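Student:
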Amino acid sequence: MTKFRPCIDLHNGQVKQIVGGTLSDDGAGLKENFVAEASAEEFAQRYREDGLGGGHVIQLGPGNREAALGALGAWPGGMQLGGGVTIENAESWLEAGASQVIVTSWLFDGDGVFRMDRLKELSEAIGRERLVVDLSCRRTERGWTVAMNRWQTLTDVEVNEASLDRMAEYCAEYLVHAADVEGLCGGVDLELVELLGSWGKIPMTYAGGVGVMDDVLAVDRHSGGKLDLTVGSALDIFGGSGVEYEALVNWNRRE
Numbered sequence: 009m010t011k012f013r014p015c016i017d018l019h020n021g022q023v024k025q026i027v028g029g030t031l032s033d034d035g036a037g038l039k040e041n042f043v044a045e046a047s048a049e050e051f052a053q054r055y056r057e058d059g060l061g062g063g064h065v066i067q068l069g070p071g072n073r074e075a076a077l078g079a080l081g082a083w084p085g086g087m088q089l090g091g092g093v094t095i096e097n098a099e100s101w102l103e104a105g106a107s108q109v110i111v112t113s114w115l116f117d118g119d120g121v122f123r124m125d126r127l128k129e130l131s132e133a134i135g136r137e138r139l140v141v142d143l144s145c146r147r148t149e150r151g152w153t154v155a156m157n158r159w160q161t162l163t164d165v166e167v168n169e170a171s172l173d174r175m176a177e178y179c180a181e182y183l184v185h186a187a188d189v190e191g192l193c194g195g196v197d198l199e200l201v202e203l204l205g206s207w208g209k210i211p212m213t214y215a216g217g218v219g220v221m222d223d224v225l226a227v228d229r230h231s232g233g234k235l236d237l238t239v240g241s242a243l244d245i246f247g248g249s250g251v252e253y254e255a256l257v258n259w260n261r262r263e
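Positions 9 to 263 (our numbering) are the ones given, in order, by the sequence shown.
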């Protein structure tokens, strides 16, 4: 059964909703859908009060450490932490209150070549159950290709049954942003949803493109209930109008 998992996306220390494909190192062309007045800590406290576990705090670039620590402190053990995670700092984020750490770019070299040795090393260091692998991807002629460095750099990993099988031995969950539709509220990538749902061997969270409640229903239906999902720019608490936060809280409470 598909569940809603909340998110806190941090950019320059603020909670924001950003069109994923516009992120870059120099900030040129960045498109922001929403910038919150409330702090990351306040959002985490609200999720805690509403019993929305399994969500994630994502640091989109530098300047987000204090905000991330505030969110984790507001709900110790209640949210995952991603963004800039390496083997050197993973344990410190867990000690700061992250339920799990989410890792992407560190698993690849500078050319985007996957390093299985790094995945094994990190899994052994912190424990498989505390590791989430981010397979956020872009659609390419080969299917879906994992992208790193804030979705700017394509890697040599395709999202398919073989790659999902290969990494699942060393992590507890996958997080998959469909970067091409992230922040656009124009509908989810149902082909990707179906691919992930048909595999469905460990917990997974899908993000990208949810615009209305029907998209939530579509993820549940097309994944066979195997995928959880997060909702960003369409959500009313993030300035959107397509999906009501309370509707998702009630969705999670259904039997």
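Using N, Cα and C, we set each Cβ at its ideal position, and we do this for glycine too.
All values reported here derive from a predicted model rather than from experimental measurement.
Verify the contact flag: His-64, CB atom, against every heavy atom of the ligand FMN, threshold strictly below 7 Å.
Tutor: Looking for the ligand FMN in the displayed structure turns up nothing, as the structure carries no ligands at all.
Student: Specify the secondary structure class of Asp-34 as computed by DSSP and reduced to three states.
Tutor: Low per-residue confidence applies at Asp-34: pLDDT is 48, beneath 50, and the placement is therefore not dependable enough to give any value.
Student: Quick check: the segment 200-213 against the segment 41-61, are at least 3 beta-carbon pairs closer than 8 Å?
Tutor: Segments in contact, no.
Student: Taking only runs that begin and end inside the segment 125-161, name each unbroken beta strand (DSSP E) of 3 or more residues, in chain order.
Tutor: List check, beta strand (DSSP E) in window: 139-142, 145-148 and 151-156.
Student: Going by Cα to Cα distance, which pick from Ser-249, Met-212, Gln-25 and Leu-172 is closest to Phe-12?
Tutor: Ranking Ser-249, Met-212, Gln-25 and Leu-172 by Cα distance to Phe-12 puts Met-212 first.
Student: At what residues does the beta strand (DSSP E) containing Asn-72 begin and finish?
Tutor: First-last for Asn-72: undefined, no H or E at that position.
Student: In this structure, how does DSSP classify Ala-215 when only helix, strand and coil are distinguished?
Tutor: Strand.
Student: Helix, strand or coil: how does DSSP classify Trp-259 here?
Tutor: Three-state DSSP puts Trp-259 in a helix.
Student: I'd like the span of the beta strand (DSSP E) that includes Val-201, first residue to last.
Tutor: No beta strand (DSSP E) holds Val-201; the alpha helix (DSSP H) holding it covers 198-207.
Student: Sorted by chain position, which residues of the same chain lie with C-beta nearer than 6 Å to Val-220's C-beta, five sequence neighbours on each side aside?
Tutor: Only Gly-250 meet the Cβ criterion.
Student: According to DSSP, simplified to helix, strand and coil, what is Val-3?
Tutor: The structure shown does not extend to residue 3, since the chain is modelled only from 9 to 263, so the question has no answer here.
Student: So within the segment 77-123, which uninterrupted alpha helix (DSSP H) runs reach at least 4 residues, ignoring any that extend past its ends?
Tutor: Whole alpha helix (DSSP H) segments, 4+ residues: 98-103.
Student: Skipping 5 residues on each side, what residues in its chain have a beta carbon closer than 8 Å to that of Gly-294?
Tutor: This structure cannot settle anything about residue 294, because the visible part of the chain is limited to 9 through 263.
Student: Can you check DSSP and say which residues form a bridge with Tyr-182?
Tutor: Tyr-182 is bridged to Val-141 and Met-212.
Student: Where does Glu-166 fall in DSSP's three states?
Tutor: Here Glu-166 sits in strand by DSSP.
Student: Pull the bridge partners of Phe-246 from the DSSP assignment, please.
Tutor: Paired residues: none, contrary to the question.
Student: Look up Leu-192 in the DSSP assignment and say whether it is helix, strand or coil.
Tutor: Looking at Leu-192 - three-state DSSP - the assignment turns out to be coil, as it is neither helix nor strand.
Student: Please classify Asn-72 as buried or exposed, where buried requires at least 16 neighbouring CB atoms within 10 angstroms.
Tutor: Buried, because 16 or more other Cβ atoms sit within 10 Å of the Cβ of Asn-72.
Student: Rounded to a whole number of angstroms, what is the C-alpha to C-alpha distance between Tyr-214 and Ile-66?
Tutor: So the alpha carbons of these two residues sit roughly 14 Å apart.
Student: Distance, Cα to Cα, Ser-47 vs Ser-144?
Tutor: The alpha-carbon atoms of Ser-47 and Ser-144 are separated by roughly 25 Å.
Student: Could you tell me the boundaries of the beta strand (DSSP E) in which Val-239 lies?
Tutor: First-last for Val-239: undefined, no H or E at that position.
Student: Please classify Leu-172: does DSSP put it in a helix, a strand, or coil?
Tutor: Looking at Leu-172 - three-state DSSP - the assignment turns out to be helix.
Student: Please name the residue in Glu-49, Ile-110 and Gly-62 whose C-alpha comes closest to that of Ala-82.
Tutor: The option with the nearest alpha carbon to Ala-82 is Glu-49.
Student: In the DSSP assignment, the alpha helix (DSSP H) including Leu-18 goes from what residue to what residue?
Tutor: No alpha helix (DSSP H) holds Leu-18; the beta strand (DSSP E) holding it covers 15-19.
Student: Would you grab the beta carbon distance between Asp-236 and Gly-90 for me? Rounded to a whole angstrom, and I think it's under 8 Å.
Tutor: Contact doesn't hold; Cβ gap of about 15 Å is too wide.
Student: Closest Cβ-Cβ distance between Glu-252 and chain C: below 8 Å?
Tutor: The question asks about chain C, but that chain is absent: this structure has only one protein chain.
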